[in-house]
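Contents: one structure, followed by commentary.
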Amino acid sequence: MKAVDGVRAGDIRALARLITMVENQAPEAGEALRLLHSYTGKAHTIGITGAPGVGKSTLVDQLAREFRHRSKTVGIIAVDPSSPFTKGAILGDRVRMQDLCQDRGVFIRSMASRGAWGGLAETTADVITALDAFGKDIILVETVGAGQDEVEVAKTAQTILVATIPGTGDDIQAMKAGILEIAHIYVVNKADKEGADLVAAELEHYVSPIVEDGWQVPVVKTVAIENRGIAALAESIENHRLYLETTGKMAGTMEEKARHQVLAIAQRELMGKLLKIGANNGQMDS
Amino acid sequence: MTGERRIRILIAKPGLDGHDRGAKVVARALRDAGMEVIYTGIRQTPEMIVEAALQEDVNAIGLSILSGAHMDLFPKIMAGLKEKGMDDVVVFAGGIFPADDLSALKEMGIQAVFRPGTTTQEIIDSIKANLS
Ligand SMILES: Nc1nc2c(ncn2[C@@H]2O[C@H](COP(=O)(O)OP(=O)(O)OP(=O)(O)O)[C@@H](O)[C@H]2O)c(=O)[nH]1
Ligand SMILES: [Mg+2]
Numbered sequence: 037m038k039a040v041d042g043v044r045a046g047d048i049r050a051l052a053r054l055i056t057m058v059e060n061q062a063p064e065a066g067e068a069l070r071l072l073h074s075y076t077g078k079a080h081t082i083g084i085t086g087a088p089g090v091g092k093s094t095l096v097d098q099l100a101r102e103f104r105h106r107s108k109t110v111g112i113i114a115v116d117p118s119s120p121f122t123k124g125a126i127l128g129d130r131v132r133m134q135d136l137c138q139d140r141g142v143f144i145r146s147m148a149s150r151g152a153w154g155g156l157a158e159t160t161a162d163v164i165t166a167l168d169a170f171g172k173d174i175i176l177v178e179t180v181g182a183g184q185d186e187v188e189v190a191k192t193a194q195t196i197l198v199a200t201i202p203g204t205g206d207d208i209q210a211m212k213a214g215i216l217e218i219a220h221i222y223v224v225n226k227a228d229k230e231g232a233d234l235v236a237a238e239l240e241h242y243v244s245p246i247v248e249d250g251w252q253v254p255v256v257k258t259v260a261i262e263n264r265g266i267a268a269l270a271e272s273i274e275n276h277r278l279y280l281e282t283t284g285k286m287a288g289t290m291e292e293k294a295r296h297q298v299l300a301i302a303q304r305e306l307m308g309k310l311l312k313i314g315a316n317n318g319q320m321d322s
Numbered sequence: 003m004t005g006e007r008r009i010r011i012l013i014a015k016p017g018l019d020g021h022d023r024g025a026k027v028v029a030r031a032l033r034d035a036g037m038e039v040i041y042t043g044i045r046q047t048p049e050m051i052v053e054a055a056l057q058e059d060v061n062a063i064g065l066s067i068l069s070g071a072h073m074d075l076f077p078k079i080m081a082g083l084k085e086k087g088m089d090d091v092v093v094f095a096g097g098i099f100p101a102d103d104l105s106a107l108k109e110m111g112i113q114a115v116f117r118p119g120t121t122t123q124e125i126i127d128s129i130k131a132n133l134s
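Protein sequence lines, in the order shown, are assigned to chains A and B.
For the first sequence, our numbering gives the first residue as 37, with consecutive numbering after it.
For the second sequence, our numbering gives the first residue as 3, with consecutive numbering after it.
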């Protein structure tokens with residue numbers, strides 16, 4: 037398949053177009069993804085979630101730089117909500133990632149949620165597959181950040197960062213339990229603001245009794261706009277990857293993810309066929 | 003859901019002027035017309051705009067400019083798009099342009115120019131017509 041060959045050859049335009057095809061759930065998308073799957077498994081996918089305005093995009097921007105310093109190539113997927121009424125969307129996360137544009141080792145793609153719940157678009161996992169097959173070492177996924185239970189990312193990424201900030205009254209009692217549970221790393225961003233130590237201490241207190249399968253969830257304070265704490269955060273992410281690898285969980289999460297994804301694609305294809313049959317028989321409005 | 007197509011459009015502000023109110027109004031109007039609008043913010047170089055358009059695989063680009071530097075910046079953007087094989091992307095421009103420049107802008111490949119007083123509906127209609 038030509039689209040897949042282009043991606044494998046490192047052609048950025050081919051990658052961008054393939055992502056559009058996947059995102060539109062075009063008829064050839066399933067076949068392309070099946071072909072791409074055999075080239076995946078190298079990337080480390082990191083999800084970043086948290087309420088609106090906590091600094092997810094700024095963190096992604098700084099983390100991308102940090103990983104570039106460590107000679108890793110980076111793919112970024114930033115998801116924003118679609119309007120349920122008009123289906124339109126404003127995708128504005130790139131505003132915080134301006135300078136990354138100049139770096140050929142970074143590829144950024146904005147995605148509209150297109151009606152999906154849970155903080156991602158229905159096809160975000162497929163776009164990750166494309167970036168992985170393209171050869172990206174690190175894939176950063178920013179969720180919608182609607183402050184809802186954005187737990188979909190837990191099925192899609194290997195390392196989950198949950199970001200919060202001081203002084204919003206959005207303390208951990210108020211944070212949705214679902215969100216807290218999916219975290220592998222807590223980030224207290226805007227640590228330049230008053231109350232950061234308090235939030236960090238509360239989170240420490242929340243996590244300290246919980247050592248799940250040998251992973252102690254760290255709490256990392258950052259000031260993303262000043263690039264403070266970012267190296268430590270990257271270090272924690274790296275530690276989590278090592279943890280996943282040494283415990284054999286990395287292979288497990290990938291298998292789980294692949295199963296999830298294959299099922300979703302099959303479901304979509306079946307749905308498409310059913311709709312077509314229905315339309316042909318005139319039994320269903322198209 | 004299957005096989006759905008959406009208009010993806012990049013709204014960018016090349017050059018050094020820092021006023022993006024107009025660009026934001028247009029971005030919201032296009033969203034309300036059902037488009038997916040990628041907004042990249044102010045002070046974009048031609049290279050940044052071309053790169054963002056490439057990565058986002060947009061169907062159209064809207065350039066908002068008030069500084070008067072369009073005759074310098076736009077040709078660079080159009081050349082960059084061509085170089086990346088994106089000649090099929092529809093480019094339009096909004097802002098302040100002397101009447102004398104309009105034919106040169108057309109020649110460059112800018113499909114539509116919206117000067118002050120244009121309604122958002124006119125912009126939407128024009129983009130849709132250019133993309134069909
Ligand atoms: N004081 C302070 N401000 C910050 C910090 N990090 C980010 N900000 C600011 O917080 C605002 C929101 O940052 P974003 O990165 O856009 O936040 P986000 O979570 O991606 O926002 P949404 O995508 O809209 O949910 C911006 O004005 C940033 O400059 C920080 O460490 N300290
Ligand atoms: Mg953001």
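The beta-carbon is built from N, C-alpha and C at its ideal position, and this holds for glycine as well.
Distance CB(residue i)-CB(residue j) smaller than 8 Å
i: Phe143(A); j: Lys172(A); result: yes
i: Ile261(A); j: Tyr41(B); result: no
i: Ile67(B); j: Pro118(B); result: no
i: Ala54(B); j: Ala95(B); result: no
i: Thr81(A); j: Gln194(A); result: yes
i: Asp129(A); j: Glu188(A); result: no
i: Thr192(A); j: Leu167(A); result: no
i: Ile112(A); j: Leu176(A); result: yes
i: Ala52(A); j: Asp59(B); result: yes
i: Gly89(A); j: Ser118(A); result: no
i: Ile218(A); j: Val235(A); result: no
i: Lys257(A); j: Ala232(A); result: yes
i: Thr62(B); j: Leu133(B); result: Note on identity: in this sequence residue 62(B) is Ala, with Thr being the wrong assignment. Cβ atoms of Ala62(B) and Leu133(B): closer than 8 Å.
i: Gln134(A); j: Met50(B); result: yes
i: Val253(A); j: Tyr222(A); result: yes
i: Val163(A); j: Val58(A); result: yes
i: Glu305(A); j: Gly66(A); result: yes
i: Val180(A); j: Asp116(A); result: yes
i: Lys226(A); j: Val259(A); result: yes
i: Lys84(B); j: Leu56(B); result: no
i: Leu32(B); j: Ile126(B); result: yes
Interface partners of residue i on chain A, CB under 8 Å
i: Gly24(B); result: Going along chain A, no residue has its Cβ under 8 Å from Gly24(B), so there is no contact; the nearest lies around 15 Å.
i: Gly29(B); result: The question names Gly, but residue 29(B) is Ala in the sequence shown. Residues of chain A passing the Cβ test: Ile126.
i: Met50(B); result: Gln134, Cys137, Gln138
i: Gly87(B); result: Arg49
i: Arg7(B); result: Asn60
Where residue i meets chain A, residues with beta-carbon distance less than 7 Å
i: Gly36(B); result: Thr122, Lys123, Gly124
7 Å Cβ cut-off: residues of chain B touching residue i
i: Thr56(A); result: Asp59
i: Ile144(A); result: Gln57
Chain B contact residues for residue i, given Cβ-Cβ distances below 8 Å
i: Val253(A); result: Going along chain B, no residue has its Cβ under 8 Å from Val253(A), so there is no contact; the nearest lies around 33 Å.
i: Val131(A); result: Tyr41, Thr42, Gly43
Proximal chain B residues relative to residue i, where beta-carbon distance stays under 9 Å
i: Ser272(A); result: Ordered by position in chain B, no residue passes the 9 Å Cβ test against Ser272(A), which lies about 28 Å from the chain.
i: Ser119(A); result: Arg33, Asp34, Gly36
**Prompt:** What does the shell around ligand 2 hold, if a residue joins when its beta-carbon is under 5 Å from any heavy atom?
**Reply:** Lys92(A), Ser93(A), Asp129(A)
Next item on the list: Specify whether the region 28–45 of chain B and the region 289–304 of chain A touch according to this definition: at least 3 beta carbon pairs, one from each stretch, less than 8 Å apart.
Entry: no
*Would you call the region 114–128 of chain A and the region 252–267 of chain A in contact, with 3 or more CB pairs under 8 Å?*
no
Listed in chain order, which residues of the region 52–81 of chain B have Cβ atoms closer than 8 Å to some Cβ of chain A?
Glu53, Ala54, Leu56, Gln57, Glu58, Asp59
Problem set entry | Three or more C-beta pairs below 8 Å linking the region 102–117 of chain A and the region 69–77 of chain A | no
Please identify, using Cβ separations under 7 Å, the residues of the region 39–63 of chain A that lie next to chain B, in order along the chain.
Ile48, Arg49, Ala52, Arg53, Ile55, Thr56, Asn60, Gln61, Ala62, Pro63
| task | Anything in the region 144–161 of chain A with a Cβ closer than 7 Å to a Cβ of chain B? List those residues in chain order, please. | result | Ile144, Arg145, Ser146, Ala148
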